């Protein structure tokens, strides 16, 4: 899989992020999925131009890698379109999905200024356009654009809540309860009424569901059949 190539396509306007689909991760509070992806919409066009001129646009096709566990932190990637999954891989090879991030969110933290190593990986589950901001550019933007600094802090707060919610779910809910909550989340954000049924209009394989709830594909298949 390729890390992507720099391209010269026009970047998305910041105000388009506000309408993007919410992220997906395990949480008790379904409303916690939306915050974190629309903070750039507060920037003026001039401020957004300042942000994008500090970065580098990269396109990565589905299945490609953004960064890998153990890579050195050098900056962050702002998702302009598509979807990025962050996940942790154990020495055994088993994976746990942390979240699926949509347009407006960023990946690559928490070392936003660079330094240290990534403790999880990120791959692309829908063709993506990303804006890469190196740590040096982030420092300059924080110094010159207070609105960007506020956005970044609020984005970090949203991510902190995400991972806190995930830890709480994994530590206090059974795997059946986690699967139930995932279905509730999907129904809330991707559900369509069809008579007395609610149809979830988002594709997730049993493998993908298993890595979210912390189980196996076989268990997910068996439980959904029941």
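Residue numbers (this note's numbering): 202 to 427. From the three backbone atoms N, C-alpha and C, an ideal C-beta is built for every residue, glycine too. Note that the structure is a prediction, hence the values are computed from the model and not measured.
To the nearest angstrom, report how far apart residue 376 and residue 416 are at their CA atoms.
Distance between the alpha carbons of residue 376 and residue 416: 7 Å.
Is there contact between the region 312-320 and the region 259-271, where contact requires at least three CB pairs shorter than 8 Å?
Taking one beta carbon from each stretch, the region 312-320 and the region 259-271 have 3 or more pairs nearer than 8 Å; the two touch.
Since I believe residue 413 is in contact with residue 383 (beta carbons under 8 Å), could you give me their beta-carbon distance rounded to a whole number of angstroms?
Going by Cβ atoms, the distance from residue 383 to residue 413 rounds to 6 Å, so yes, they are a contact pair.
Same chain, Cβ closer than 8 Å to residue 389, five either side skipped, listed in chain order:
These residues qualify, in order along the chain: 231.
Residues near residue 391 in its chain [Cβ-Cβ closer than 7 Å; skip 5 each side]
Within its own chain, the residues whose Cβ lies closer than 7 Å to the Cβ of residue 391, once the five positions on either side in sequence are excluded, are 401, 402, 403, listed in chain order.
In the DSSP output, which residue or residues are listed as bridge partners for residue 280?
Here residue 280 is bridged, per DSSP, to 331.
Delimiting residues of the alpha helix (DSSP H) encompassing residue 372
Run containing residue 372: 347-373, per the alpha helix (DSSP H) assignment.
Which same chain residues, not among the five before or five after residue 374, have their C-beta less than 8 Å away from its C-beta?
Taken in chain order, the residues that qualify are 382.
Taking DSSP's pairing of strands, which residues face residue 258 in a bridge?
Per DSSP, 332.
Relative to the C-alpha of residue 224, which residue among 307, 316, 335, 315 is closest?
Sorting 307, 316, 335, 315 by C-alpha distance to the C-alpha of residue 224 places 307 at the top.
Say whether the region 323-333 touches the region 252-262, bearing in mind that this needs 3 or more beta-carbon pairs closer than 8 Å, one atom from each stretch.
A contact exists between the region 323-333 and the region 252-262.
For residue 286, which three-state DSSP category applies?
Here residue 286 sits in strand by DSSP.
In terms of alpha-carbon separation, which member of 371, 408, 353 lies closest to residue 310?
Its Cα nearest to that of residue 310, the residue 353 stands out among 371, 408, 353.
Going by DSSP in three states, residue 208 sits in which element: helix, strand or coil?
Model confidence at residue 208 stands at a pLDDT of 43, short of 50, so the residue's coordinates are unreliable; what they give is reported in the following sentence. Collapsing the DSSP output to three states places residue 208 in coil.
Here's the rule I'm using: 16 or more other beta-carbon atoms within 10 Å means buried, otherwise exposed. How should residue 301 be labelled?
The C-beta of residue 301 has 16 or more other C-beta atoms within 10 Å across all chains shown, which makes the residue buried.
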